[in-house]
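Residue numbers (the working numbering), protein chains in the order written: chain A, 1 to 250; chain B, 1001 to 1250; chain C, 2001 to 2250; chain D, 3001 to 3250; chain E, 4001 to 4250; chain F, 5001 to 5250. Report on the following structure.
Number of protein chains: 6
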Amino acid sequence: MSRIDGRNHDELRPVKFTRNYTKQAQGSVLIEMGDTKVICTAMIEDKVPPFLKNTGKGWITAEYSMLPSSTQSRKIRESSRGKIDGRTQEIQRLIGRALRSIVDLDTMGEKTIWIDCDVIQADGGTRTASITGAFVALVDAVNILMENGTLQKWPLKSFVSAVSVGIVDGKPLLDLRYEEDSKAKVDMNIVMTDQGEFIEVQGTGEEAPFSKNDLMELLALGEKGNAELIKMQKLVLGELADKLQNIREE
Amino acid sequence: MSRIDGRNHDELRPVKFTRNYTKQAQGSVLIEMGDTKVICTAMIEDKVPPFLKNTGKGWITAEYSMLPSSTQSRKIRESSRGKIDGRTQEIQRLIGRALRSIVDLDTMGEKTIWIDCDVIQADGGTRTASITGAFVALVDAVNILMENGTLQKWPLKSFVSAVSVGIVDGKPLLDLRYEEDSKAKVDMNIVMTDQGEFIEVQGTGEEAPFSKNDLMELLALGEKGNAELIKMQKLVLGELADKLQNIREE
Amino acid sequence: MSRIDGRNHDELRPVKFTRNYTKQAQGSVLIEMGDTKVICTAMIEDKVPPFLKNTGKGWITAEYSMLPSSTQSRKIRESSRGKIDGRTQEIQRLIGRALRSIVDLDTMGEKTIWIDCDVIQADGGTRTASITGAFVALVDAVNILMENGTLQKWPLKSFVSAVSVGIVDGKPLLDLRYEEDSKAKVDMNIVMTDQGEFIEVQGTGEEAPFSKNDLMELLALGEKGNAELIKMQKLVLGELADKLQNIREE
Amino acid sequence: MSRIDGRNHDELRPVKFTRNYTKQAQGSVLIEMGDTKVICTAMIEDKVPPFLKNTGKGWITAEYSMLPSSTQSRKIRESSRGKIDGRTQEIQRLIGRALRSIVDLDTMGEKTIWIDCDVIQADGGTRTASITGAFVALVDAVNILMENGTLQKWPLKSFVSAVSVGIVDGKPLLDLRYEEDSKAKVDMNIVMTDQGEFIEVQGTGEEAPFSKNDLMELLALGEKGNAELIKMQKLVLGELADKLQNIREE
Amino acid sequence: MSRIDGRNHDELRPVKFTRNYTKQAQGSVLIEMGDTKVICTAMIEDKVPPFLKNTGKGWITAEYSMLPSSTQSRKIRESSRGKIDGRTQEIQRLIGRALRSIVDLDTMGEKTIWIDCDVIQADGGTRTASITGAFVALVDAVNILMENGTLQKWPLKSFVSAVSVGIVDGKPLLDLRYEEDSKAKVDMNIVMTDQGEFIEVQGTGEEAPFSKNDLMELLALGEKGNAELIKMQKLVLGELADKLQNIREE
Amino acid sequence: MSRIDGRNHDELRPVKFTRNYTKQAQGSVLIEMGDTKVICTAMIEDKVPPFLKNTGKGWITAEYSMLPSSTQSRKIRESSRGKIDGRTQEIQRLIGRALRSIVDLDTMGEKTIWIDCDVIQADGGTRTASITGAFVALVDAVNILMENGTLQKWPLKSFVSAVSVGIVDGKPLLDLRYEEDSKAKVDMNIVMTDQGEFIEVQGTGEEAPFSKNDLMELLALGEKGNAELIKMQKLVLGELADKLQNIREE
């Protein structure tokens, strides 16, 4: 049985990164995974949240939002409702944790890097695309701190990417589109480093419980997908990717 | 004295419209006026606000927002603050009024067209660019209603565009960039139709009052700018622009 | 064609200022323009908003509200809704800008003057009446700062007043009552100084665009109305008006 | 020991009712008790809250607010804070209960009477003045329903008034001014009918407990004050007061 | 006529205090009055609200909440509504005032004691049970401050308890259950000290006014009920109760 | 290396269920896992959310809250802040999903079962204890619907329980206490059925990525813990557990 867009079960959609997509943020990347498009930016602020004041440590925090026009039936703005819904909160907490996990906050100095992921078109996998794209924006922002001498040492410990997997019609699939996602019995988001380690594993079988065997297959798909995404991040980062790797190996 | 980007005092920045910028909305346009970039979309909803129920009339409403990364120092999300600030409210009310003024709401049927203007990069004139871009998105959305037979008659009565003008260092200028805008003593937004009539004139001399003569010069600049913008709207709308004009002349 | 209350097209309603209307505020004025009645007060606070701290500058800010019983069908309190609606925000921003424009904030010291405009009865033109009345309250409050020696120099640069004009049944009218306002195709608020300069011009043709000629006629009415209002402000301020003028002429 | 304004311990301040103070509400009264001034209005709405739908019963609800300029240091608007504070809620619940207690809601039909009490100048006793003034506004509003034939029978069962009493410097006092109130060890609000019955008794000894004897003295003062206030309500209501009494006696 | 649970008109329900009900708070008491069950805790925080900074004084503040499952039809959480309703505000202000009235805040040092009253099962009289239980938790918390030497002197001036009384079917009753409370024409909460003095008297006759004689009978029932409750507080506090009394007598 | 409370690395804390803990809810259970204590209730409401109207389907939704006194430093109420924080939203979404996953919503009829989990004492693992306890309350509530004939068929498809696991000082541990949790590099919540299938797996390595091997060890601990918890649920449910199992096997 082939997928709606003819992909194999373990095949990613076409991925494209556009660096320097807008000019105000220190890092600004448009990531496209098929029809899912997210503007990921990284902006540096010279202060930290209250709980980090006078610790010398830095912080990374993320916000996520969908444009009202990003979905087929218009999504009401959270500013109009006056509150951020649970799904958004879950996603921005996930993005923030994922990026903090690969940064040495201790050597960043008292700075906050704000990650903003704004979905301009949604077709499944927006939260995982956000993480994958935001990492590239983060590297660009940190590079500015390196180049202008604010930082002496790259505070990034790994690459990080994320991908969704799920079981649709009994079959494990990599990188679900919206149409697949809405039929999935099990849905999992997997965040990994370039060393093949896990940062976050979130699997939910709301419609039906899943067996340990299912879980193993999904993890394997996630490992494959993330390995490919990180390869693409390295490609698009070019020299910066090399720098990052060299420094780590020292 | 020349302007920071070498333009004449009565010269617009380069303007670019990208139609069908995203795929979910019925109309979706990226408008660029120099470095100001706004995604303008029009989405059709098959119901109207309570005050129009059972009247057979339609409605057009607009929302405006700036991405946090659209400005040099990160703009806090209104959803995080839990409320929409006064400036945003003013702007979205202006956009809504401008578009409603050129639509025959009586013949639209009980539908709402949602206009969303999301600024992805800001360099002055975002509210006027929003109006100019949103009109093009609106035409595309209405065209779908014409093509699928929902509407029998074009409900659009005019083209509409908007431009900012102001007095900077004593000199009237057309289409202010952010740097100019922040030094302007007088600031005016002018919304006009293709018949050269005014829909909205909003001039403010917070820093210094302005004379009637100043006012006349600013209006003249606004007339010139809007005439050029509407010419560009016609160009980008092509056949649709012709249809619109023919119908009006009948 | 005569108006509902028999006025000429260029005639103001009867205007009445009651100074010292309440006792707690430094300036407190009841302004009546026909049946529109607004309590305008000015209160001095010995601090400034954060963005002005340690600049030595002062600030003027305005709030506007309508009593629930001021309108024919009861207006729901904004405190009950939990938010300030867009119209109110627009109006209080307008009042604030208008008053700041004629004050030399640099010489005021780090003080905020709070202007409150509370409409106790509404019959059209509440925002323009608020500006005209608030100016008188502001003069009284500033006078206290002069008399007790806090200020050495009058920081007021001009008188300021405001009036509404509009086109009703094709005819330009000065100072619209509610019944006229609700039928107006074009609606404009004009804020001016006693030197005949403009501070704010806000014209809207939501129902129908207006020609440049219409605009000129409306501006002329606004000039006439404001000149008369400022004459009345001078009358009611008596000696204080003279002081203000003398100082300016020095 | 005499009081700051020379009154006896059991003496009310000068009381003044101005009926028809504004024109939009069905009942509109300015009550002045010394320097405390409250606009009390009653507006009729042709629907009831959800819990009364299809019961044939009516409802009375009250809202209370202080103008920012009513107090010596400016009171921040509750609409600006985005919420109604505890004190305001307590007061508007008290006013609503007091008025509902003397109305036969069963014979009112499915109508809500909105009572609004807006303090324009505060000098102690604003909540009790609100009740006393609101009753007069309520009578005027109900009278309209009687006169236009909506109601066949007066639904008012009693007159109602309220007054504050307290112990200041060890001495029980009637009708406290702000300066007295802020020094009071015990503070009590007493709401009564013209038959000398109690509707509400709220006594608080936050600063110091009070004895049963204190309580008795305060109740006696409250009875005296309310009897006088109701006499004044009858005077100002004139014929309407007679009607009300006759009907009750039938 | 006997009561639903066979009690005499002047009889309390069975009362039970469980001290140290949970382990995190400095004082933690489960109070049961019949089927009404409230967890009352006292937690010490080493700072005071802004208005007490640098005064050397302490503060006591209370919060009250009902679990959604405490009432027969599920009570919507106030956090879900986004605001605290009027009844809750009234109750927590009452609890706070009651406890502050018997504490010498001047000798407490700059500390806040947070009183939390969380109703886990409601059957009438939750606010009065909260006060009675919270006092015991407060004593335990203060005792910790005495034992660890933070305080040198007991800052508690009296015992405090509270009870509800009301008139049901024309008969004054002590300690109303929910079923009685919902039929009561008059409802009164009485807060008293162990010296037989009143701290708060709140009586409401929303359904029907009450006579002075009714009031006297209700006060007598309240005195009886509070005397019994304070006896039980002393019993459960044991040695601590003695300490408290001895110190006061010195 | 032994754990702070002497447990083995794969040992649960003492678990205790108290059924019928309060009387108003249809199901009410106090679950204690060591010092973590949560009141879990299930209440039946005869309506469904709008998206299920007229579908014949039922719904289960969960809310979670911590009493201010449940944690060592007092937790500010979400009702006081006016919003529900991200963590709470995440948890209540998790509890809701977990319970819905084992219920046949199609055969429930148009009913909502409200699950409330209120933490009265917190020592780690409150969200997993909530799920484990809430399941027992849910069975009791559903049993009432069976007994009164509202339901003809048990809609429960499995037992469900949850447990936390984590890596502390390099060692995988089952059922973390707060002190362990705050030192854990990896933290995972595992929700399972009595058939040994997974409903939710949420693992986070914010402090450090984890290997596939770590993941396997944690899953094994989770399987062991959940098997034991479900055994205890069966014990406490007694006959009801048998009924549930019999029906499933038919």
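By construction, the Cβ of each residue, glycine as well, lies at the ideal position given by its N, Cα and C atoms.
Along chain F, in chain order, which residues have C-beta atoms closer than 7 Å to that of residue i?
| i | result |
| --- | --- |
| PHE135 (chain A) | Correct list: empty, because the minimum Cβ distance to chain F is about 14 Å. |
Look up residue i in the DSSP assignment and give the residues it is bridged to.
| i | result |
| --- | --- |
| GLU4032 (chain E) | E:LYS4016 and E:LYS4037 |
| GLY86 (chain A) | None; GLY86 (chain A) has no bridge partner. |
| VAL4191 (chain E) | E:ALA4162 and E:GLU4200 |
| LYS1171 (chain B) | B:VAL1168 |
| MET4043 (chain E) | E:TRP4114 |
| TRP1154 (chain B) | None; TRP1154 (chain B) has no bridge partner. |
| SER5065 (chain F) | F:ASP5118 |
| GLY3056 (chain D) | Answer is none; GLY3056 (chain D) lacks a bridge partner. |
| PHE4210 (chain E) | D:PHE3198 |
| VAL3103 (chain D) | D:LEU3156 |
| VAL4186 (chain E) | E:ILE4167 |
| GLY1027 (chain B) | B:ALA1042 |
Just to make sure I have the definition right: I need the residues of chain C whose C-beta is within less than 9 Å of the C-beta of residue i. Which are they?
| i | result |
| --- | --- |
| ARG3077 (chain D) | GLU2063, SER2065, GLU2078, SER2079, ILE2084 and ASP2116 |
| ILE3120 (chain D) | TYR2021, THR2022, ILE2039, ASP2118 and ILE2120 |
Taking C-beta pairs closer than 9 Å, name the residues in chain F that residue i reaches, listed in chain order.
| i | result |
| --- | --- |
| MET4043 (chain E) | PRO5068, SER5069, SER5073 and ARG5074 |
Within a Cβ cutoff of 7 Å, which residues of the same chain sit near residue i, ignoring the five residues on either side of it in sequence?
| i | result |
| --- | --- |
| ILE2102 (chain C) | LEU2156, LYS2157, SER2158, VAL2160 and THR2193 |
| THR2128 (chain C) | ALA2162, VAL2163, SER2164 and ASN2189 |
| LYS4153 (chain E) | THR4107 |
| ASN2143 (chain C) | LEU2240 |
| ILE5131 (chain F) | ILE5095, ALA5098, VAL5160, SER5161, ALA5162 and VAL5191 |
| ALA5047 (chain F) | For the sequence presented, residue 5047 (chain F) should be read as Lys rather than Ala. Hits under 7 Å: GLU5110 and THR5112. |
| ASP1104 (chain B) | PRO1155 and LYS1157 |
Can you list, in chain order, the residues of its chain with a C-beta nearer than 6 Å to that of residue i? Leave out the 5 residues immediately preceding and following it.
| i | result |
| --- | --- |
| ARG5019 (chain F) | VAL5029 |
| ARG1100 (chain B) | ILE1060 |
| LEU3948 (chain E) | Here chain E covers residues 4001 to 4250 and nothing more, so residue 3948 (chain E) does not appear. |
| VAL119 (chain A) | VAL38, MET66, SER70 and THR126 |
Cutting at 8 Å between CB atoms, please list the residues of its own chain near residue i, excluding the five before and the five after it.
| i | result |
| --- | --- |
| VAL2136 (chain C) | PHE2017, ARG2019, GLY2027, VAL2029, ILE2031, CYS2040, GLN2233, VAL2236 and LEU2237 |
| GLU5179 (chain F) | ILE5004 and GLY5124 |
| GLU1063 (chain B) | GLN1092, TRP1114, ILE1115, ASP1116 and CYS1117 |
| ALA4141 (chain E) | ALA4025, GLN4026, GLY4027, ALA4042, MET4043, ILE4044 and ILE4113 |
Listing by chain order, which chain D residues have their CB less than 7 Å from the CB of residue i?
| i | result |
| --- | --- |
| ASP4211 (chain E) | The sequence shown places Ser at residue 4211 (chain E), not Asp. Result: GLU3197. |
Quick one: which chain E residues come within Cβ less than 8 Å of residue i?
| i | result |
| --- | --- |
| ILE5091 (chain F) | Result: empty, since nearest Cβ-Cβ is about 13 Å, beyond 8 Å. |
What in chain A is Cβ-close to residue i, meaning under 9 Å?
| i | result |
| --- | --- |
| GLY5058 (chain F) | Neighbours of GLY5058 (chain F) on chain A: none; closest Cβ ~15 Å, over 9 Å. |
Taking C-beta pairs closer than 8 Å, name the residues in chain C that residue i reaches, listed in chain order.
| i | result |
| --- | --- |
| LEU1215 (chain B) | PHE2198, VAL2201 and LEU2219 |
Which chain D residues are close to residue i, counting only those with a beta carbon under 8 Å from its beta carbon?
| i | result |
| --- | --- |
| GLY4205 (chain E) | SER3101, GLU3197, PHE3198, ILE3199 and GLU3200 |
contact_flag[the segment 2045-2060 of chain C, the segment 2095-2112 of chain C] where n(CB pairs < 8 Å) is 3 or more: yes
Contact set between the segment 2014-2039 of chain C and chain D, restricted to residues whose Cβ is under 7 Å from the partner: THR2022, LYS2023, GLN2024, ALA2025, SER2028, ASP2035 and ILE2039
Touch test, the segment 1080-1091 of chain B against the segment 2084-2092 of chain C, Cβ-Cβ under 8 Å, three pairs minimum: yes
The segment 3093-3113 of chain D: positions lying closer than 9 Å to chain G by Cβ: Absent from the structure is chain G; the protein chains it does hold are A, B, C, D, E and F.
Stretch-stretch touch, CB-based, cutoff 8 Å, three pairs: the segment 5171-5185 of chain F with the segment 5005-5014 of chain F: yes
Contact list for the segment 3179-3197 of chain D against chain E, Cβ threshold 7 Å: THR3193 and GLU3197
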